[in-house]
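> For the sequence shown, this note's numbering assigns the number 1 to the initial residue and increments by one for each residue that follows.
Backbone N, C-alpha and C define an ideal beta-carbon position, used for all residues, glycine too.
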Amino acid sequence: MEIEILKSKIHRARVTGADLDYVGSITIDENWIRQAGLYEFEKVQVLNISNGERFETYVIKGERGSHDIILNGAAARKVQVGDLVIILAYTRIDSKEVENHHPRIVMADDLV
1 MEIEILKSKI
11 HRARVTGADL
21 DYVGSITIDE
31 NWIRQAGLYE
41 FEKVQVLNIS
51 NGERFETYVI
61 KGERGSHDII
71 LNGAAARKVQ
81 VGDLVIILAY
91 TRIDSKEVEN
101 HHPRIVMADD
111 LV
């Protein structure tokens, strides 16, 4: 049996921008993308700690070392600059592999 399980998490990242006129996505500092084991264009779930919004979008690379978290397109309406967010990605694994699975977690507030 396969289950869906947490693969990657960027915890408590601060929103640095919101661009309604962009086609869509979330721009994330390339360092955080690599540390979390995310891929460009991968689907992610975004949880806004500041206002309770939850939504999905996809990742695009931001400037390495910038600490950028920029919501683009329609997702820009779900945040304000300064909000804290959690970014999650999931994967499917065989239930027999659960005990050996360890998600990659980046504590963004520790890195800023």
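Would you mind listing the alpha helix (DSSP H) stretches within the region 3-90 that are 4+ residues and don't spill past its ends, in chain order?
Runs found: 30-36.
> Alpha carbon to alpha carbon, how far is residue 4 from residue 19?
Translated into the one-based positions of the sequence shown, residue 4 becomes position 4. Translated into the one-based positions of the sequence shown, residue 19 becomes position 19. Approximately 31 Å, taken between the alpha carbons.
> Relative to the C-alpha of residue 24, which residue among 100, 90, 42 is closest?
Along the sequence shown, one-based indexing puts residue 24 at 24. For residue 24, the nearest C-alpha among the options comes from 42.
> Might you give, ordered along the chain, the residues of its own chain that have their beta carbon closer than 8 Å to the beta carbon of residue 2, omitting 5 neighbours on each side?
Here residue 2 refers to the residue found at position 2 of the sequence shown. Excluding positions up to five away in sequence, the list reads 92, 93, 94, 95.
> Contact check, residue 46 vs residue 87 under 8 Å by CB: the rounded distance?
Translated into positions along the sequence shown, residue 46 becomes position 46. Translated into positions along the sequence shown, residue 87 becomes position 87. With 8 Å as the limit, residue 46 and residue 87 qualify as a contact, their Cβ atoms being about 6 Å apart.
> Going by C-alpha to C-alpha distance, which of 98, 72, 50 sits closest to residue 11?
Translated into the one-based positions of the sequence shown, residue 11 becomes position 11. Ranking the options by Cα distance to residue 11, first place goes to 50.
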